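Heads up, the thing below is written out as C-alpha coordinates.
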Amino acid sequence: MEEIVIFHTNDLHSHLENWPKIRRYLMKQKEAYSDAGKTVLTVDLGDFIDRWHPLTEATNGQANVELMNTINYDAVTIGNNEGVGNSKDQLNHLYDHGNFDVLLGNLFDLKTKKAPNWVKPYKIIETTNKTKIGLIALTAPFPLTYNPNGWDIRTAKEILPELIKEVQAKCDILVLMSHLGIDEDIKIANDYPEINVLLGSHTHHLFKHGEKINQTQLSAAGKFGYYIGEVHLTIASGKIIHSEARAISTADLPVLPEDQEEIADYLALGHELLKSEEVAKITQPLLVDLNASAPLMITTLQALKEKGQTDAAILNNGLFLTDIPTGTVNKDQLHETLPHPMHLIRVTLSGFELSRLVKEMEKNRHYLRKFPISGMGFRGKVFGELYYDGLTYDKASRQVLWQNQLVDPSQTYSFTTVDHFMFIPFFPTIELAGEIEFIFPEFIRTVLADYLSEHYPIQ
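For the record, in the sequence shown the residue sitting at position 263 is 262 according to numbering that gives the first Met the number 0, with numbers rising by one throughout.
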(Lines of atoms letter the chains of each structure in order from A; the text may use other names.)
(Lines give C-alpha, C1' and ligand atoms only; values in the text may rest on other atoms or scores of the structure.)
Protein backbone atom coordinates (compact mmCIF):
# COMPACT_ATOMS: atom_id res chain seq x y z
CA MET A 0 0.00 0.00 0.00
CA GLU A 1 1.23 3.50 -0.80
CA GLU A 2 0.03 7.09 -0.76
CA ILE A 3 0.32 9.60 -3.57
CA VAL A 4 -0.31 13.33 -3.13
CA ILE A 5 -0.91 15.60 -6.12
CA PHE A 6 -0.77 19.36 -5.59
CA HIS A 7 -2.06 21.69 -8.27
CA THR A 8 -2.10 25.42 -8.84
CA ASN A 9 -4.27 26.95 -11.56
CA ASP A 10 -5.53 30.23 -12.95
CA LEU A 11 -3.12 32.34 -10.90
CA HIS A 12 -3.41 35.05 -13.60
CA SER A 13 -0.26 36.76 -12.30
CA HIS A 14 -1.91 37.51 -8.95
CA LEU A 15 1.46 37.40 -7.28
CA GLU A 16 0.05 38.79 -4.04
CA ASN A 17 -0.71 35.18 -3.08
CA TRP A 18 2.50 33.69 -4.38
CA PRO A 19 4.71 33.84 -1.23
CA LYS A 20 2.15 31.84 0.76
CA ILE A 21 1.60 29.37 -2.07
CA ARG A 22 5.34 28.80 -2.46
CA ARG A 23 5.88 28.26 1.27
CA TYR A 24 2.94 25.88 1.62
CA LEU A 25 3.96 23.75 -1.36
CA MET A 26 7.60 23.53 -0.39
CA LYS A 27 6.83 22.71 3.25
CA GLN A 28 4.11 20.17 2.52
CA LYS A 29 6.06 18.48 -0.25
CA GLU A 30 8.95 17.96 2.13
CA ALA A 31 6.70 16.74 4.95
CA TYR A 32 4.82 14.26 2.77
CA SER A 33 8.04 13.02 1.14
CA ASP A 34 9.63 12.50 4.56
CA ALA A 35 6.56 10.46 5.50
CA GLY A 36 7.21 8.15 2.57
CA LYS A 37 4.51 9.50 0.26
CA THR A 38 5.00 10.22 -3.43
CA VAL A 39 4.36 13.90 -4.15
CA LEU A 40 3.58 15.45 -7.55
CA THR A 41 3.08 19.15 -8.23
CA VAL A 42 1.48 20.51 -11.39
CA ASP A 43 0.10 23.77 -12.76
CA LEU A 44 -2.99 23.77 -14.97
CA GLY A 45 -2.43 26.98 -16.94
CA ASP A 46 -3.18 30.70 -16.88
CA PHE A 47 -0.32 31.18 -14.45
CA ILE A 48 0.62 34.11 -16.68
CA ASP A 49 -1.54 37.19 -17.27
CA ARG A 50 -0.28 40.40 -18.86
CA TRP A 51 -2.33 42.67 -16.59
CA HIS A 52 0.67 42.51 -14.23
CA PRO A 53 3.44 44.89 -15.30
CA LEU A 54 6.21 42.38 -14.55
CA THR A 55 4.54 39.77 -16.77
CA GLU A 56 4.11 42.36 -19.52
CA ALA A 57 7.66 43.66 -19.24
CA THR A 58 9.26 40.19 -19.38
CA ASN A 59 6.78 38.46 -21.70
CA GLY A 60 6.05 36.04 -18.87
CA GLN A 61 9.68 35.07 -18.27
CA ALA A 62 9.50 36.39 -14.70
CA ASN A 63 6.52 34.12 -14.05
CA VAL A 64 8.48 31.12 -15.31
CA GLU A 65 11.31 32.01 -12.90
CA LEU A 66 8.80 31.93 -10.04
CA MET A 67 7.46 28.59 -11.25
CA ASN A 68 11.00 27.22 -11.23
CA THR A 69 11.16 27.66 -7.45
CA ILE A 70 8.43 25.04 -7.03
CA ASN A 71 10.07 22.37 -9.19
CA TYR A 72 6.78 21.43 -10.82
CA ASP A 73 6.65 17.95 -12.26
CA ALA A 74 4.56 19.25 -15.14
CA VAL A 75 2.60 22.29 -16.27
CA THR A 76 0.21 23.03 -19.12
CA ILE A 77 -0.96 26.23 -20.76
CA GLY A 78 -4.19 28.18 -20.52
CA ASN A 79 -5.58 30.61 -23.04
CA ASN A 80 -3.64 33.46 -21.45
CA GLU A 81 -0.38 31.75 -22.37
CA GLY A 82 -1.72 30.42 -25.67
CA VAL A 83 -3.45 33.52 -27.02
CA GLY A 84 -1.99 36.26 -24.82
CA ASN A 85 1.41 35.72 -26.44
CA SER A 86 2.47 35.92 -30.04
CA LYS A 87 3.51 32.60 -31.57
CA ASP A 88 7.18 33.49 -31.19
CA GLN A 89 6.72 34.56 -27.56
CA LEU A 90 4.93 31.31 -26.73
CA ASN A 91 7.56 29.26 -28.53
CA HIS A 92 10.19 30.74 -26.21
CA LEU A 93 8.13 31.19 -23.04
CA TYR A 94 9.48 28.07 -21.37
CA ASP A 95 13.07 28.19 -22.64
CA HIS A 96 14.34 28.45 -19.06
CA GLY A 97 11.68 26.39 -17.30
CA ASN A 98 12.87 23.48 -15.15
CA PHE A 99 9.67 21.48 -15.70
CA ASP A 100 7.95 19.57 -18.48
CA VAL A 101 5.18 21.31 -20.42
CA LEU A 102 2.44 18.81 -21.28
CA LEU A 103 -0.19 19.52 -23.94
CA GLY A 104 -2.02 17.19 -26.25
CA ASN A 105 -4.15 19.44 -28.45
CA LEU A 106 -1.94 22.24 -29.81
CA PHE A 107 -0.22 21.97 -33.19
CA ASP A 108 1.52 24.24 -35.66
CA LEU A 109 -1.02 25.46 -38.22
CA LYS A 110 1.32 24.85 -41.17
CA THR A 111 3.23 21.72 -40.20
CA LYS A 112 0.43 20.12 -38.13
CA LYS A 113 3.12 19.03 -35.67
CA ALA A 114 3.17 19.74 -31.94
CA PRO A 115 5.59 22.52 -30.93
CA ASN A 116 8.96 21.31 -29.70
CA TRP A 117 8.44 22.75 -26.22
CA VAL A 118 5.60 20.38 -25.33
CA LYS A 119 5.34 16.69 -24.54
CA PRO A 120 2.11 14.78 -25.18
CA TYR A 121 2.31 13.00 -21.80
CA LYS A 122 4.61 12.07 -18.94
CA ILE A 123 4.98 8.86 -16.96
CA ILE A 124 6.18 9.12 -13.36
CA GLU A 125 7.10 5.92 -11.51
CA THR A 126 6.90 5.81 -7.72
CA THR A 127 9.31 3.93 -5.47
CA ASN A 128 6.64 1.22 -5.24
CA LYS A 129 6.69 0.91 -9.05
CA THR A 130 3.26 2.49 -9.52
CA LYS A 131 3.23 4.35 -12.83
CA ILE A 132 1.34 7.64 -12.98
CA GLY A 133 0.46 8.95 -16.42
CA LEU A 134 -0.03 12.71 -16.84
CA ILE A 135 -1.84 14.15 -19.86
CA ALA A 136 -3.04 17.71 -20.48
CA LEU A 137 -5.48 19.61 -22.69
CA THR A 138 -6.24 23.31 -22.98
CA ALA A 139 -9.40 25.17 -24.02
CA PRO A 140 -9.82 25.10 -27.81
CA PHE A 141 -10.48 28.58 -29.22
CA PRO A 142 -9.82 28.26 -32.97
CA LEU A 143 -11.03 31.82 -33.64
CA THR A 144 -8.07 33.19 -31.71
CA TYR A 145 -5.50 30.39 -31.99
CA ASN A 146 -5.67 29.99 -35.77
CA PRO A 147 -4.82 33.62 -36.69
CA ASN A 148 -1.84 33.29 -34.36
CA GLY A 149 -0.50 30.35 -36.32
CA TRP A 150 -1.79 27.48 -34.20
CA ASP A 151 -4.08 24.52 -34.87
CA ILE A 152 -6.02 23.90 -31.65
CA ARG A 153 -8.12 20.74 -31.42
CA THR A 154 -10.99 19.60 -29.23
CA ALA A 155 -10.86 17.04 -26.44
CA LYS A 156 -13.07 14.75 -28.50
CA GLU A 157 -10.54 14.77 -31.34
CA ILE A 158 -7.56 14.04 -29.10
CA LEU A 159 -8.56 12.11 -25.98
CA PRO A 160 -9.50 8.65 -27.29
CA GLU A 161 -6.11 7.98 -28.92
CA LEU A 162 -4.17 9.78 -26.18
CA ILE A 163 -5.85 7.73 -23.46
CA LYS A 164 -5.28 4.52 -25.41
CA GLU A 165 -1.57 5.27 -25.78
CA VAL A 166 -0.88 6.41 -22.23
CA GLN A 167 -3.17 4.01 -20.35
CA ALA A 168 -1.18 1.07 -21.69
CA LYS A 169 1.93 2.52 -20.02
CA CYS A 170 0.57 3.51 -16.60
CA ASP A 171 -1.49 2.39 -13.60
CA ILE A 172 -3.03 5.75 -12.71
CA LEU A 173 -4.15 8.23 -15.40
CA VAL A 174 -4.34 11.93 -14.51
CA LEU A 175 -5.79 14.62 -16.78
CA MET A 176 -4.54 18.17 -16.29
CA SER A 177 -7.48 20.08 -17.75
CA HIS A 178 -7.70 23.70 -18.76
CA LEU A 179 -11.02 22.98 -20.46
CA GLY A 180 -13.57 24.25 -17.94
CA ILE A 181 -16.13 22.63 -15.67
CA ASP A 182 -18.69 21.65 -18.32
CA GLU A 183 -16.13 19.83 -20.44
CA ASP A 184 -14.58 18.24 -17.33
CA ILE A 185 -17.91 16.79 -16.26
CA LYS A 186 -18.52 15.45 -19.76
CA ILE A 187 -15.05 13.88 -19.89
CA ALA A 188 -15.47 12.28 -16.45
CA ASN A 189 -18.70 10.68 -17.65
CA ASP A 190 -17.42 9.65 -21.08
CA TYR A 191 -13.91 8.49 -20.17
CA PRO A 192 -13.91 6.41 -16.98
CA GLU A 193 -10.31 5.43 -17.79
CA ILE A 194 -9.27 8.80 -16.31
CA ASN A 195 -8.70 8.27 -12.60
CA VAL A 196 -8.01 11.86 -11.56
CA LEU A 197 -9.20 15.01 -13.32
CA LEU A 198 -7.63 18.30 -12.22
CA GLY A 199 -9.80 21.14 -13.49
CA SER A 200 -9.35 24.84 -14.26
CA HIS A 201 -10.16 27.61 -16.79
CA THR A 202 -13.69 28.40 -15.54
CA HIS A 203 -12.33 29.24 -12.07
CA HIS A 204 -14.63 26.69 -10.43
CA LEU A 205 -13.91 25.54 -6.91
CA PHE A 206 -14.42 22.09 -5.37
CA LYS A 207 -13.56 22.69 -1.73
CA HIS A 208 -13.77 19.00 -0.91
CA GLY A 209 -13.35 17.57 -4.38
CA GLU A 210 -16.05 15.87 -6.43
CA LYS A 211 -16.46 12.36 -7.78
CA ILE A 212 -18.14 11.27 -10.96
CA ASN A 213 -18.35 7.50 -11.00
CA GLN A 214 -14.79 6.49 -10.05
CA THR A 215 -13.09 9.66 -11.32
CA GLN A 216 -11.73 11.99 -8.63
CA LEU A 217 -12.16 15.66 -9.57
CA SER A 218 -10.32 18.58 -8.03
CA ALA A 219 -10.56 22.33 -8.73
CA ALA A 220 -8.99 25.27 -6.92
CA GLY A 221 -10.74 28.43 -8.11
CA LYS A 222 -8.67 31.40 -9.30
CA PHE A 223 -6.00 33.98 -8.49
CA GLY A 224 -4.18 31.73 -6.00
CA TYR A 225 -7.02 31.94 -3.50
CA TYR A 226 -6.73 28.17 -3.13
CA ILE A 227 -4.24 25.34 -3.66
CA GLY A 228 -5.55 22.02 -4.91
CA GLU A 229 -4.54 18.86 -3.06
CA VAL A 230 -5.45 15.28 -4.03
CA HIS A 231 -4.66 12.20 -1.91
CA LEU A 232 -4.65 8.72 -3.43
CA THR A 233 -4.24 5.42 -1.57
CA ILE A 234 -2.85 2.75 -3.88
CA ALA A 235 -2.76 -1.02 -3.53
CA SER A 236 -1.36 -3.27 -6.30
CA GLY A 237 -1.38 -0.36 -8.73
CA LYS A 238 -5.06 0.46 -8.14
CA ILE A 239 -6.72 3.36 -6.31
CA ILE A 240 -8.57 2.03 -3.28
CA HIS A 241 -9.33 5.46 -1.82
CA SER A 242 -9.18 9.02 -3.12
CA GLU A 243 -10.06 12.44 -1.77
CA ALA A 244 -9.41 16.05 -2.71
CA ARG A 245 -9.54 19.41 -1.01
CA ALA A 246 -8.81 23.05 -1.73
CA ILE A 247 -6.52 24.82 0.73
CA SER A 248 -7.46 28.45 1.31
CA THR A 249 -4.41 30.68 1.06
CA ALA A 250 -6.24 33.27 3.18
CA ASP A 251 -5.88 30.86 6.09
CA LEU A 252 -2.13 30.41 5.62
CA PRO A 253 0.31 32.42 7.75
CA VAL A 254 1.60 35.77 6.50
CA LEU A 255 5.24 36.68 7.06
CA PRO A 256 6.43 40.29 7.47
CA GLU A 257 8.53 40.12 4.30
CA ASP A 258 5.62 38.98 2.09
CA GLN A 259 4.31 42.46 1.37
CA GLU A 260 7.75 43.70 0.40
CA GLU A 261 8.18 40.80 -2.03
CA ILE A 262 4.79 41.45 -3.62
CA ALA A 263 5.51 45.18 -3.92
CA ASP A 264 8.91 44.44 -5.45
CA TYR A 265 7.28 42.45 -8.28
CA LEU A 266 5.11 45.43 -9.15
CA ALA A 267 7.92 47.96 -8.77
CA LEU A 268 10.28 46.00 -11.03
CA GLY A 269 7.57 45.59 -13.66
CA HIS A 270 6.82 49.32 -13.68
CA GLU A 271 10.53 50.17 -13.80
CA LEU A 272 11.16 47.90 -16.79
CA LEU A 273 8.16 49.23 -18.71
CA LYS A 274 9.04 52.85 -17.95
CA SER A 275 12.45 52.32 -19.53
CA GLU A 276 10.79 51.60 -22.90
CA GLU A 277 9.88 54.99 -24.38
CA VAL A 278 7.67 55.09 -27.47
CA ALA A 279 6.64 58.69 -28.29
CA LYS A 280 6.61 62.33 -27.21
CA ILE A 281 3.34 64.27 -27.11
CA THR A 282 2.89 68.02 -26.65
CA GLN A 283 -0.53 67.84 -24.99
CA PRO A 284 -2.04 65.24 -22.68
CA LEU A 285 -4.27 62.44 -23.94
CA LEU A 286 -7.15 62.43 -21.48
CA VAL A 287 -9.92 59.98 -20.68
CA ASP A 288 -12.22 63.02 -20.51
CA LEU A 289 -13.94 63.30 -23.89
CA ASN A 290 -14.33 67.06 -23.46
CA ALA A 291 -10.56 67.54 -23.46
CA SER A 292 -8.79 69.11 -26.43
CA ALA A 293 -7.02 65.81 -27.19
CA PRO A 294 -9.18 62.95 -25.98
CA LEU A 295 -7.46 59.58 -25.63
CA MET A 296 -10.52 57.96 -27.21
CA ILE A 297 -10.23 59.97 -30.43
CA THR A 298 -6.53 59.15 -30.79
CA THR A 299 -7.10 55.44 -30.15
CA LEU A 300 -9.95 55.27 -32.65
CA GLN A 301 -7.61 56.80 -35.23
CA ALA A 302 -4.99 54.19 -34.33
CA LEU A 303 -7.52 51.40 -34.81
CA LYS A 304 -8.59 52.69 -38.22
CA GLU A 305 -4.99 52.93 -39.33
CA LYS A 306 -4.05 49.47 -38.08
CA GLY A 307 -7.22 47.82 -39.38
CA GLN A 308 -7.09 49.77 -42.65
CA THR A 309 -10.76 50.71 -42.29
CA ASP A 310 -12.68 53.97 -42.52
CA ALA A 311 -14.44 53.43 -39.20
CA ALA A 312 -13.75 52.18 -35.68
CA ILE A 313 -15.83 51.56 -32.55
CA LEU A 314 -14.70 51.48 -28.90
CA ASN A 315 -16.01 51.86 -25.34
CA ASN A 316 -14.42 54.34 -22.97
CA GLY A 317 -14.44 51.88 -20.06
CA LEU A 318 -11.27 50.53 -21.66
CA PHE A 319 -9.29 53.63 -20.66
CA LEU A 320 -8.23 53.61 -17.01
CA THR A 321 -5.77 56.53 -16.83
CA ASP A 322 -4.73 59.67 -18.70
CA ILE A 323 -1.45 59.92 -20.60
CA PRO A 324 0.29 63.16 -19.59
CA THR A 325 2.26 65.56 -21.78
CA GLY A 326 5.83 64.57 -22.52
CA THR A 327 7.56 61.30 -23.23
CA VAL A 328 5.19 58.33 -23.40
CA ASN A 329 6.46 54.99 -22.15
CA LYS A 330 5.07 51.46 -22.17
CA ASP A 331 4.21 51.62 -18.48
CA GLN A 332 1.76 54.47 -19.09
CA LEU A 333 0.15 52.58 -21.96
CA HIS A 334 -0.07 49.42 -19.87
CA GLU A 335 -1.66 51.37 -17.02
CA THR A 336 -4.35 52.86 -19.20
CA LEU A 337 -4.96 49.76 -21.37
CA PRO A 338 -4.05 46.62 -19.35
CA HIS A 339 -6.49 44.44 -21.30
CA PRO A 340 -5.15 41.48 -23.34
CA MET A 341 -7.40 42.42 -26.25
CA HIS A 342 -6.63 42.00 -29.92
CA LEU A 343 -8.21 43.96 -32.73
CA ILE A 344 -10.73 42.56 -35.16
CA ARG A 345 -11.78 43.82 -38.57
CA VAL A 346 -15.52 43.28 -39.01
CA THR A 347 -17.19 43.34 -42.43
CA LEU A 348 -20.98 43.55 -42.64
CA SER A 349 -23.60 44.34 -45.23
CA GLY A 350 -25.18 47.75 -44.84
CA PHE A 351 -28.34 46.08 -43.58
CA GLU A 352 -26.44 44.16 -40.88
CA LEU A 353 -24.32 47.21 -39.99
CA SER A 354 -27.50 49.19 -39.34
CA ARG A 355 -28.81 46.41 -37.14
CA LEU A 356 -25.52 46.27 -35.21
CA VAL A 357 -25.54 50.02 -34.54
CA LYS A 358 -29.15 49.75 -33.37
CA GLU A 359 -28.09 46.95 -30.99
CA MET A 360 -25.41 49.26 -29.65
CA GLU A 361 -27.84 52.16 -29.26
CA LYS A 362 -30.37 49.89 -27.55
CA ASN A 363 -27.75 48.77 -25.01
CA ARG A 364 -25.93 52.08 -24.70
CA HIS A 365 -27.60 53.30 -21.51
CA TYR A 366 -27.49 49.87 -19.88
CA LEU A 367 -23.77 49.39 -20.59
CA ARG A 368 -22.74 52.86 -19.49
CA LYS A 369 -22.21 51.74 -15.88
CA PHE A 370 -22.36 47.99 -16.40
CA PRO A 371 -19.55 46.09 -14.61
CA ILE A 372 -17.70 43.69 -16.90
CA SER A 373 -15.44 40.89 -15.68
CA GLY A 374 -13.32 38.54 -17.76
CA MET A 375 -13.21 37.97 -21.51
CA GLY A 376 -10.11 40.12 -21.69
CA PHE A 377 -11.54 43.10 -19.79
CA ARG A 378 -9.40 44.39 -16.91
CA GLY A 379 -11.34 47.57 -16.13
CA LYS A 380 -14.42 48.25 -14.02
CA VAL A 381 -17.40 49.16 -16.22
CA PHE A 382 -18.05 48.90 -19.95
CA GLY A 383 -18.68 52.62 -20.29
CA GLU A 384 -19.87 54.77 -23.18
CA LEU A 385 -19.76 53.69 -26.82
CA TYR A 386 -18.00 55.87 -29.40
CA TYR A 387 -17.94 55.70 -33.18
CA ASP A 388 -15.43 57.15 -35.62
CA GLY A 389 -16.45 57.15 -39.28
CA LEU A 390 -20.10 56.38 -38.68
CA THR A 391 -22.94 58.09 -36.83
CA TYR A 392 -26.47 57.31 -35.71
CA ASP A 393 -29.34 59.72 -36.32
CA LYS A 394 -31.69 59.21 -33.38
CA ALA A 395 -34.53 61.15 -34.97
CA SER A 396 -34.64 59.13 -38.19
CA ARG A 397 -33.16 55.93 -36.66
CA GLN A 398 -30.75 55.78 -39.56
CA VAL A 399 -27.03 54.95 -39.69
CA LEU A 400 -24.65 57.17 -41.64
CA TRP A 401 -21.24 56.09 -42.97
CA GLN A 402 -18.87 58.97 -43.66
CA ASN A 403 -21.95 61.26 -43.40
CA GLN A 404 -23.80 59.29 -46.09
CA LEU A 405 -26.76 56.99 -45.49
CA VAL A 406 -25.72 53.37 -45.29
CA ASP A 407 -26.65 51.38 -48.40
CA PRO A 408 -28.20 48.06 -47.27
CA SER A 409 -26.73 46.23 -50.26
CA GLN A 410 -23.15 47.49 -49.85
CA THR A 411 -20.49 46.05 -47.52
CA TYR A 412 -18.68 48.03 -44.83
CA SER A 413 -15.68 47.25 -42.63
CA PHE A 414 -14.77 48.70 -39.25
CA THR A 415 -12.14 47.94 -36.60
CA THR A 416 -12.81 47.23 -32.94
CA VAL A 417 -11.55 44.94 -30.16
CA ASP A 418 -12.26 41.21 -29.99
CA HIS A 419 -14.03 41.80 -26.67
CA PHE A 420 -17.02 43.08 -28.63
CA MET A 421 -17.42 39.65 -30.18
CA PHE A 422 -17.16 37.75 -26.88
CA ILE A 423 -19.68 39.74 -24.85
CA PRO A 424 -23.38 38.96 -25.52
CA PHE A 425 -24.66 42.47 -26.24
CA PHE A 426 -23.83 42.77 -29.95
CA PRO A 427 -24.73 39.38 -31.51
CA THR A 428 -24.69 40.70 -35.07
CA ILE A 429 -20.88 40.85 -35.01
CA GLU A 430 -20.53 37.09 -34.55
CA LEU A 431 -23.70 35.95 -36.30
CA ALA A 432 -23.45 38.02 -39.48
CA GLY A 433 -19.94 39.48 -39.58
CA GLU A 434 -16.93 38.40 -41.55
CA ILE A 435 -14.33 38.65 -38.80
CA GLU A 436 -10.57 38.95 -39.24
CA PHE A 437 -8.37 38.88 -36.14
CA ILE A 438 -5.40 41.22 -36.29
CA PHE A 439 -2.49 39.48 -34.55
CA PRO A 440 -0.33 39.59 -32.57
CA GLU A 441 -0.68 43.14 -31.20
CA PHE A 442 -2.85 44.11 -28.24
CA ILE A 443 -4.81 47.38 -28.31
CA ARG A 444 -2.11 49.12 -26.22
CA THR A 445 0.58 47.95 -28.67
CA VAL A 446 -1.43 49.34 -31.58
CA LEU A 447 -1.74 52.68 -29.77
CA ALA A 448 1.99 52.64 -28.98
CA ASP A 449 2.87 52.09 -32.65
CA TYR A 450 0.49 54.86 -33.73
CA LEU A 451 1.96 57.35 -31.25
CA SER A 452 5.50 56.34 -32.18
CA GLU A 453 4.81 57.03 -35.84
CA HIS A 454 2.86 60.28 -35.45
CA TYR A 455 4.66 61.71 -32.40
CA PRO A 456 8.21 60.33 -32.62
CA ILE A 457 10.87 61.01 -30.02
CA GLN A 458 13.35 63.37 -31.69
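All C-beta atoms in this analysis are idealised placements derived from N, C-alpha and C, irrespective of residue type, glycine included.
Every value quoted in this text rests on a predicted model; they were computed, and no experiment measured them.
Residue i vs residue j beta-carbon contact at 8 angstroms
i	j	result
Leu390	Asn315	no
Gly97	Asn68	yes
Ile135	Gly180	no
Tyr72	Phe99	yes
His204	Asp46	no
Ala311	Tyr392	no
Leu343	Gly307	yes
Thr144	Phe437	yes
Phe206	His14	no
Ile457	Ala279	yes
Asn85	Asn116	no
Ile3	Lys37	yes
Pro294	Gly350	no
Leu173	Gly133	yes
Leu303	Thr415	yes
Thr8	Ile297	no
Ile281	Val230	no
Lys330	Ala448	yes
Val357	Val399	yes
Gly379	Leu320	yes
Val101	Val83	no
Val381	Gly317	yes
Leu175	Leu198	yes
Given residue i as reference, the closest of the options once Cα atoms are compared
i	options	result
Glu277	Asn79, Ala57, Lys369	Ala57
Glu441	Asn148, Gly209, Glu65, His365	Asn148
Thr309	Thr321, Ala302, Ser413, Glu261	Ser413
Glu193	Cys170, Phe206, His208, Asp251	Cys170
Lys113	Arg153, Ala31, Gln167	Arg153
Gly383	Ala395, Met360, Thr282	Met360
Val287	Glu305, Pro324, Phe351	Pro324
Asn363	Glu81, Pro424, His241	Pro424
Glu65	Asn85, Glu81, Asp95, Gly82	Asp95
Ser200	Thr416, Asp418, Val75	Val75
Ser354	Glu305, Thr428, Val328, Lys238	Thr428
Gly237	Tyr225, Thr130, Arg23, Ile297	Thr130
Glu81	Lys330, Asn195, Asp10, Asp34	Asp10
Ile158	Ile172, Gln61, Tyr121, Asp182	Tyr121
Ile163	Asn195, Phe141, Asn146	Asn195
Leu273	Val230, His334, Gln283, Leu320	His334
Met375	Lys358, His419, Thr415	His419
Asn213	Tyr191, Tyr225, Asp331, Glu229	Tyr191
Ile262	Asn63, Arg345, Leu320	Asn63
Lys156	Leu197, Glu183, Lys358, Val166	Glu183
Thr111	Leu93, Val101, Asp151, Val83	Asp151
Cβ-based burial, residue i [other Cβ within 10 Å; buried from 16]
i	result
Pro256	exposed
Arg397	exposed
Val254	exposed
Asp251	exposed
Leu405	exposed
Met421	buried
Tyr366	exposed
Gly326	exposed
Met0	exposed
Leu348	buried
Glu30	exposed
Leu289	exposed
Gln283	exposed
Pro142	exposed
Pro140	buried
Ile240	exposed
Glu352	buried
Gln259	exposed
Ser242	buried
Gln332	buried
Heavy atom of the ligand ATP within 7 angstroms of residue i beta-carbon
i	result
Thr215	Absent from the structure shown: the ligand ATP. Ligands present: none.
| query | Okay, do the region 85 to 97 and the region 5 to 21 touch, 3+ Cβ pairs below 8 angstroms being the bar? | reply | no
| query | Would the region 113 to 125 and the region 182 to 201 be scored as touching if the rule is three or more Cβ pairs under 8 angstroms? | reply | no
| request: Can you check the region 6 to 91 for any beta strand (DSSP E) of at least 3 residues that lies completely inside it and give the ranges in chain order? | output: 38 to 43
| Quick check: the region 211 to 221 against the region 234 to 249, are there 3 or more CB pairs under 8 angstroms? | yes
| task | Examine the Cβ distances between the region 441 to 453 and the region 425 to 433 and report whether three or more of them are shorter than 8 angstroms. | result | no
| message | Would the region 33 to 52 count as touching the region 329 to 341 if we require 3 or more Cβ pairs under 8 angstroms? | response | With the cut-off at 8 angstroms, the region 33 to 52 and the region 329 to 341 touch.
| task | Report yes or no: do three or more beta-carbon pairs, one from the region 25 to 43 and one from the region 256 to 268, lie closer than 8 angstroms? | result | no
| task | Report the residue ranges of all beta strand (DSSP E) runs contained in full by the region 177 to 253; include only those spanning at least 3 residues, in chain order. | result | Whole beta strand (DSSP E) segments, 3+ residues: 196 to 199, 205 to 212, 215 to 220, 226 to 235, 238 to 248.
| task | Kindly provide the ranges of any alpha helix (DSSP H) runs that are 4 or more residues long and lie completely inside the region 83 to 150, ordered along the chain. | result | 87 to 93, 142 to 145
| query | Can you give, in chain order, each stretch of the alpha helix (DSSP H) that sits fully within the region 394 to 427 and has at least 4 residues? | reply | 419 to 422
| Within the region 315 to 376, ranges of the beta strand (DSSP E) (whole runs, at least 3 residues) | Under the rule that a run must span 3 or more residues, the beta strand (DSSP E) segments found entirely inside the region 315 to 376 read 326 to 329, 342 to 349.
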